[in-house]
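Chains as they are written, first to last, in this note's numbering: chain P, 19 to 186; chain L, 87 to 848.
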Amino acid sequence: MIEFSLNGKKITSDAEADTPLLWVIRDEFGLKGTKFGCGIAMCGACTVHFNGSPVRSCSLPIGAIANAEIRTIEGLENQHPLQKAWVEHQVPQCGYCQSGQIMQAAGLLATNANPSEEEIEAYMSGNLCRCMTYARIKDAIKDVATQSDAVVQIYNPKLESEQTQGVS
Amino acid sequence: MTRLRKDSIEHSRRSFLIGSVGSGLLMAFAPSINALEVITGGASQQLSGKLFSPTVWFEIDNNGAILVNVARAEMGQHVGTAIARIVADELGADWSHVEIKHVDTDPKWGYMVTGGSWSVFQTYVPMSQAGAAGRTVLIEAGAKLLGVNAHDCTTQNSMVVAGSQSISFADVVKSGKIDRVFSADELAEFKPKSPASRQLIAKPSQALDIPAKTNGTAEYGIDVELENMVYARPVVPPTRHGSVVKGVDDSDAKKVKGYQGYQILNDPSNTIQGWVTVLADSYYGAVKAGNAIKVEYDVGETANVSEQDIISQGEALAKDKTSGTLVVEKGDITAAAKNAKTSLESVYRTSSVLHFTMEPVNAAVEFKDGVCHVHCGNQWQSLFLPVVAKAVGMSEDKVIIHQYYLGGGFGRRLAGDYMIPAALTAQAVGKPVKLVFTREDDARFDCVRSPSVQQMNAYWNAEDKLLGIEHGAAAGWPTLAMAPAFMPDGVDKKGKYDPFSIAGADHWYTLDNHRVRAINNTLAQKTFVPGWLRAVGPGWTGWAVESFMDEVAHKQNVDPIDFRLSLLDASGKNAGESPVSVGGAKRLAKVLTDIRKQTNWGQSLPKNQGLGIAISSGQERDMPTWGACVAHVEVDPETGAVKVHKLTGLLDCGTVVHPDGALAQTQGSMLWGMSLALFEGTAFEKGQVKDTNLNTYSPLRMNNLPELDISFVQNTEFPTGLGEPGLIAVAPAIANAIFNAVGARVRDLPIRPEAVLAAMPS
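Structure (structure tokens):
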């Protein structure tokens, strides 16, 4: 049995240790926003955050994530500035890769609030978009980057709720 | 093509019904003129009995919420938004009150297909008229409630307005008993709003499907869960046709936790042969069991076919002047060839290309109360619903295909073949089954874009006047494989052809002598199921036509743009017809002239850089989207590697209904064009494609992104298609730019660095 945190909630899974995290997230816990694309960590549709860093969940066995913090697109709770920028720039077409694109971009901005064009390209080129929405993905990321002064505020529901409790 | 078009414009010559149903107002096209005549009772009665058969219909509830039901697949083109805006503009609706719903199959909804860049083109007039009829009824009822004359009323922001008085659509719907039938003739009287009075069409807007695609809530076929379902994975046999299962050894699969056995499928529809599916209580279990199971086959006759075998047959066929079906026969090309003093012969080839939709194909199937429910994203439900029915031995009215968002269509999901193994497995095990193809399974079962070979010959007389061009195009034909009834006769009635495998060769250049032959590559046809892939025929015929036009221009020592303009005289059949192709080749000449200025054509560039031009006229002569592309490339003379600095695209698709959607589609289609030009190509090896995943198949990624400069001709002509046409001119523009940069003429897609190097003048 593996215990880990999924979007801030402690959970356990009985899946075999070699089961990719992707299938546990999707089929055991019903979070369908994370997608299956290639199964070999080369398209990025399955990107989630593992202790804050983007990883390919299709190739990450759950045996390797004991006690880790996993965050999926659902865990951004529609509050991440990138999600707003994605709507503003009308980025998605078919939309299938976009959860992964957003999670990857969130990983970029969390460590590099004002990436250069080249840094965006280098960081995002592991994420395939078959509709080829790349120009808009880039613009949306640049937009969020330039809106921030130094550090992008990454929404953390856990923090937020604690603060809210504190205030009330 | 013509037959398909007719069948799919369901709502032409139909009456339109508007009536109070329950607490709302429903508006829909009647089933058909004949059916309407025999049905008695008013619109409300028919509507409440669901005796209507729209491809799109809409309803307003008593809160004023407007729901537009759309029978088109949403695969990234935001089609519902474009269609809903046409309706809402005519209604005078408040856009924030509009929602869309993508509906399931039901015989009543009419013919369901989404492809060919047809959606807006086909629905523009009927939806405008439907919206206008709705407006008329709302005004009539609203005027009565306000105690004013209907002639003094207008609609705006979901209100009926007369001077200073107004009443909301919601209040009209609440208080009015509305019952109205518009005959087809009455409906035809409504002309679409004048461009100046439009509130929504051609105005900036956000697509309604986008928010759900940024937070993980958009539901795709792969996300479907059915109660008590079992997961399945197919074992794709070694040949697409003719494999027979001889034996199965699942002793290793039995070691997989949750393994639930396998099924050998027997398919009465004959869509699949020699298929086994493995079942498990989790998808990963099914994947592992699929890897562990051993299946022995008698293989089909194409088990050793290679890409080169297919290309060689294509070369022989394209060269043979007696092969194929005549599609264009103008003048006397045989005499021109005989009288020619000089000629130019070139052969263009394209490799097999995968659809590689991000969402691998999948379907979930459940038999419930005597009905077979298929859950998946699909583009052409009407094509495969009867096939599913045949496979499971049920009548067509007992099969329902439930629609979801498509994680990419691009033509792959025009074929619904992936529903068959899911349906057969569910039937065999007596439980709901969700069958998901792994990426590798998906690639091996793909209906690839066929490899193609095109022979282009040009002839000149003693005075160096171009006499004519002869074009033979050989490939596997999707329409022959999947919908042969849609194949028209050749011009001499001696045989049929796949219009989707030759469109684009019947271009808008005026030539005295011009012959086009569409040739079926029978080895391709036997080896795999050829598929429609974004931009379909013109996506590869344009490669030959526009590369060759450049070669001809250079041979004549004429600027390639001047040369093209000289043939775009809009004479004879190239004059165009109102309303759809009004202006004809003149509109093509305009985009060419405009893009020449826009790109500073003729500018001097650094060494090893060049500009290249190509034009396109959309998917079909019946629905031209006029386009031009200029590529700016740089070639590394040491390696032959090509870098695209910039792509400029200029398109004239008439009225642009959803401008940002149009731009998005064109950004995507032009990058597809570049991806197919430089990065994508696989090969058949032992009867199957050799590249099955991203470790060896490499579509364009963000680090390949060139500067894009895309614009649309601003006019108010009839809207034509836009999902695909941006793709067509990109590859030839890149090849023509490579020639201008370093003098290398490449004729094979994808353009490999080795080929550029080999073609460089020493």
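For every residue, glycine included, the Cβ atom is placed at its ideal position computed from N, Cα and C.
The structure displayed is predicted, hence computed values, not measured ones.
- DSSP places residue 518 of chain L in the coil class of the three-state scheme, outside both helix and strand.
- For the pair residue 286 of chain L and residue 174 of chain L, the CB atoms are nearer than the 7 Å cut-off.
- Within chain P, no C-beta atom comes nearer than 7 Å to that of residue 379 of chain L; the closest sits roughly 18 Å away.
- Residue state for residue 539 of chain L is assigned as strand, using DSSP reduced to three classes.
- Under DSSP, residue 364 of chain L shares a beta bridge with L:319, L:348.
- In this structure, residue 115 of chain P lies away from residue 76 of chain P, with their beta-carbon atoms at least 7 Å apart.
- In the structure shown, residue 137 of chain P adopts helical secondary structure according to DSSP, grouped into three states.
- Beta-bridge pairing by DSSP links residue 22 of chain P to P:29.
- By the criterion of a C-beta distance shorter than 8 Å, residue 33 of chain P is surrounded in its chain by 20, 41, 42, 46, 80, once the five residues flanking it on both sides are discounted.
- When rounded, the separation of the alpha-carbon atoms in residue 469 of chain L and residue 319 of chain L is 24 Å.
- For residue 58 of chain P, the chain L residues whose Cβ falls inside 8 Å of its Cβ are 525, 779, 780, 781, in order along the chain.
- For residue 713 of chain L and residue 820 of chain L, the gap between their C-alpha atoms comes out near 15 Å.
- Annotation: the continuous beta strand (DSSP E) that includes residue 712 of chain L extends over 712-721.
- For residue 79 of chain P, no CB of chain L lies under 7 Å from its own CB, so it is not counted at the interface with that chain.
- Using a Cβ-Cβ cut-off of 7 Å, residue 735 of chain L is close to nothing in chain P; its nearest Cβ partner there is about 12 Å away.
- Cβ contact annotation for residue 777 of chain L (same chain, cutoff 6 Å, sequence separation greater than five): 768, 783, in chain order.
- Chain P has a Cβ within less than 7 Å of the Cβ of residue 162 of chain L.
- At a cut-off of 7 Å between C-beta atoms, residue 701 of chain L does not count as an interface residue with respect to chain P.
- Neighbourhood of residue 763 of chain L in chain P, by CB distance below 7 Å: empty, with the nearest CB roughly 13 Å away.
- Take residue 209 of chain L, set aside five residues on each side of it, and the residues of its chain with a beta-carbon closer than 6 Å to its own are 169, in chain order.
- Annotation: residue 603 of chain L to residue 825 of chain L spans about 27 Å, alpha carbon to alpha carbon.
- Fully contained in the segment 781-847 of chain L are the following beta strand (DSSP E) runs of length 3 or more, in chain order: 793-798.
- Residue burial annotation: residue 295 of chain L is buried, with at least 16 other C-beta atoms found within 10 angstroms of its C-beta.
- Look at the segment 284-310 of chain L: the residues with a C-beta under 8 Å from a C-beta of chain P are 292, 293, 295, 296, 297, 298, 299, 300, 301, 302, 303, 304, 305, 306, 308, 309.
- With a cut-off of 8 Å on Cβ pairs, the segment 835-847 of chain L is in contact with the segment 721-731 of chain L, counting three or more such pairs.
- With fewer than 16 other beta carbons inside 10 angstroms of its own, residue 457 of chain L counts as exposed.
- By the criterion of a C-beta distance shorter than 7 Å, residue 480 of chain L is surrounded in its chain by 458, once the five residues flanking it on both sides are discounted.
- What residue 37 of chain P touches in chain L, judged by beta-carbon distance under 8 Å, is 368, 370, going in chain order.
- Shortest Cα-Cα distance from residue 629 of chain L to any of L:569, L:540, L:445, L:386 involves L:540.
- At a cut-off of 7 Å between C-beta atoms, residue 25 of chain P does not count as an interface residue with respect to chain L.
- In the three-state DSSP reduction, residue 617 of chain L falls in the coil class, being neither helix nor strand.
- The residues 545, in chain order, have a CB closer than 6 Å to that of residue 423 of chain L in the same chain once the five nearest residues on each side in sequence are set aside.
- Straight-line measurement puts the Cα of residue 290 of chain L at about 30 Å from the Cα of residue 499 of chain L.
- Residue-level contact by beta carbon holds for residue 493 of chain L and chain P, with a gap shorter than 7 Å.
- In summary, the residues of the segment 95-124 of chain P whose CB is separated from some CB of chain L by less than 7 Å are 96, 101, 104, 105, 108, 110, 111, 112, 113, 114, 115, 116, 117, 120, in the order they occur in the chain.
- Counting only the Cα atoms, residue 317 of chain L lies some 22 Å from residue 74 of chain P.
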